[in-house]
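Chemist: Numbering (our numbering), first residue to last: 32 to 369. Glycine is no exception: its CB is placed at the ideal position from the N, C-alpha and C atoms.
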Ligand code: WQD
């Protein structure tokens, strides 16, 4: 059974391709390599024994998207990761984000609604909740006005899919709202490859640990939390990848209750920035050099998932602990810096 994975050479995409191939799916990857590298194909092959079919393409070219679906008319499902995801960049360059994250989504859906049966998994984010009023966050928590064009593209993206599913019963879709994916495949063959200075906490920690960065800046310790630093739900990227296969199989086997469903992907456990730092120190046996600085604009105080719906309806549960995820991130960082 052939599955298209857009952005399949990226961080979460590549780990999902591994899990799909482990389950026996035939995978076609489209990636424009703007935030990944073709070497990732070798990593996928090293783990699963073969690389996916790979087509380098910029999905903003509508004709190319149409040509792809004509050529691969046996694609039974699409997992759509390809999107720009840097919050700060989206503020500077909103039109790039609206074109790349929403224009492309429309082109893909226009092709899927032509098929007798289409199955679509959308890469969404807990960012749609903004600062939720209640913890843990359930899927029916209100969507808050986005704090960035990036977050807005996830909110509007979900609305586009929901509206399209309403009038196309042949299209079934699931939006997966990731909390904070971290770590790397235990084989150390694939992992996160941030370009330039990492925006996210864990790659900055591991790059500091390996000596690439001088010191981690902790963005504020005066929040109304136990230790004053922000709380997030850090989830192993392999757990996130496995959830995509479970969600796809739910649609392929017709087990979905409605033709548009939403699930949170988290561990259900919140960890503060200082707890993440201590986790790194535990697994690496190294002291991390960090200092407390001012808050970062746009940060929410806390966000961690209510996992009840994903556990009982989707039938998926995160398996790894924060330390296990952090250890995999550290092992990967040390390998790529050798
Ligand atoms: C986590 C915590 C920072 C870096 C982002 C995106 C979100 C999703 C996940 C795509 C915060 C603190 C960070 C640093 C720090 N991405 N921090 N020093 O902001 O929760 O979510 O990634 O879907 O959309 O917004 O993740 O890793 O940037 O920050 O103190 O150098 O670590 O303040 O409290 P975030 P993050």
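Can you give me the start and stop residues for the beta strand (DSSP E) that residue 226 sits inside?
Modeler: Run containing residue 226: none; DSSP gives neither H nor E here.
Chemist: What's the C-alpha gap between residue 193 and residue 60?
Modeler: Their Cα atoms are separated by approximately 25 Å.
Chemist: Following the continuous alpha helix (DSSP H) through residue 275, name the residue where it begins and the one where it ends.
Modeler: First-last of the alpha helix (DSSP H) with residue 275: 268–283.
Chemist: Could you tell me whether any non-hydrogen atom of the ligand WQD is closer than 8 Å to the CB of residue 327?
Modeler: True, at least one ligand heavy atom lies under 8 Å from that Cβ.
Chemist: Can you list, in chain order, the residues of its chain whose CB lies under 8 Å from that of residue 201, leaving out five sequence neighbours each side?
Modeler: Taken in chain order, the residues that qualify are 144, 146, 147, 148 and 149.
Chemist: CB-CB under 6 Å to residue 250, same chain, minus the five flanking residues each way: which ones, in chain order?
Modeler: Excluding sequence neighbours, residue 250 sits near 326 and 327.
Chemist: Does the ligand ATP have even one heavy atom less than 8 Å from the beta-carbon of residue 182?
Modeler: In the structure shown, the ligand ATP is absent; the only ligands present are the ligand WQD.
Chemist: My output table needs one value for residue 253: the three-state DSSP class, helix, strand or coil.
Modeler: Residue 253 falls in the coil class under three-state DSSP.
Chemist: Are the Cβ atoms of residue 113 and residue 92 separated by less than 9 Å?
Modeler: Not closer than 9 Å, so no.
Chemist: Does the Cβ-Cβ distance between residue 412 and residue 252 come in under 9 Å?
Modeler: An answer regarding residue 412 cannot be provided, because it is not within the stretch 32 to 369 covered by the chain.
Chemist: Our contact map puts residue 295 next to residue 168 with C-beta atoms below 8 Å; I'd like the distance itself, whole angstroms only.
Modeler: Yes, residue 295 and residue 168 are in contact; Cβ-Cβ is about 7 Å, under 8 Å.
Chemist: Considering just the uninterrupted stretch of the alpha helix (DSSP H) at residue 89, what are its terminal residues?
Modeler: First-last for residue 89: undefined, no H or E at that position.
Chemist: Under the criterion of a Cβ to heavy atom distance below 8 Å, does residue 334 qualify as lining the ligand WQD?
Modeler: Because some heavy atom of the ligand WQD lies under 8 Å away, the Cβ of residue 334 counts as near it: yes.
Chemist: Are the segment 175–193 and the segment 298–315 in contact at 8 Å, needing three or more beta carbon pairs?
Modeler: With the cut-off at 8 Å, the segment 175–193 and the segment 298–315 do not touch.
Chemist: Taking 9 Å as the threshold (C-beta atoms), are residue 78 and residue 266 in contact?
Modeler: Their beta carbons are not under 9 Å apart, which means residue 266 does not touch residue 78 by this criterion.
Chemist: On the criterion of 16 or more Cβ atoms from any shown chain inside 10 Å, does residue 139 qualify as buried, or is it exposed?
Modeler: Answer is buried; the Cβ neighbour count reaches 16.
Chemist: Since residue 62 contacts residue 87 with CB under 8 Å, what's their CB separation in whole angstroms?
Modeler: Yes, residue 62 and residue 87 are in contact; Cβ-Cβ is about 7 Å, under 8 Å.
Chemist: Hey, residue 239 and residue 303: beta-carbon distance below 9 Å or not?
Modeler: Cβ distance not < 9 Å, so residue 239 and residue 303 don't count as in contact.
Chemist: Comparing alpha-carbon positions, which option in 53, 66 and 39 lies nearest residue 227?
Modeler: Comparing Cα-Cα distances from residue 227 to each of 53, 66 and 39, the minimum goes to 66.
Chemist: Please classify residue 273 as buried or exposed, where buried requires at least 16 neighbouring CB atoms within 10 angstroms.
Modeler: When all chains shown are included, residue 273 counts as buried.
Chemist: Taking 8 Å as the cut-off, does the CB of residue 47 come closer than this to any heavy atom belonging to the ligand WQD?
Modeler: No, Cβ of residue 47 sits at least 8 Å from all heavy atoms of the ligand WQD.
Chemist: Please tell me whether residue 186 and residue 172 are closer than 9 Å, where the distance is taken between their beta carbons.
Modeler: For residue 186 and residue 172, no; Cβs fall outside 9 Å.
Chemist: Spell out whether any CB of chain D is found under 9 Å from the CB atom of residue 152.
Modeler: As a matter of chain content, chain D is missing from the structure shown, which is built from one protein chain.
Chemist: Secondary structure at residue 322, three-state DSSP: helix, strand or coil?
Modeler: Strand.
Chemist: My understanding is that residue 307 touches residue 247, with C-beta atoms under 8 Å, so please give their C-beta distance in whole angstroms.
Modeler: Rounded, the Cβ-Cβ distance is 10 Å, inconsistent with contact.
Chemist: Can we count residue 330 as close to the ligand WQD, meaning its CB is less than 8 Å from some heavy atom?
Modeler: Yes, since a heavy atom of the ligand WQD falls inside the 8 Å radius drawn around the Cβ of residue 330.
Chemist: Would you kindly work out how many angstroms separate the C-alpha atoms of residue 291 and residue 309, rounded to a whole number?
Modeler: So the alpha carbons of these two residues sit roughly 40 Å apart.
Chemist: Using the three-state DSSP reduction, which class does residue 354 fall into: helix, strand or coil?
Modeler: Here residue 354 sits in helix by DSSP.
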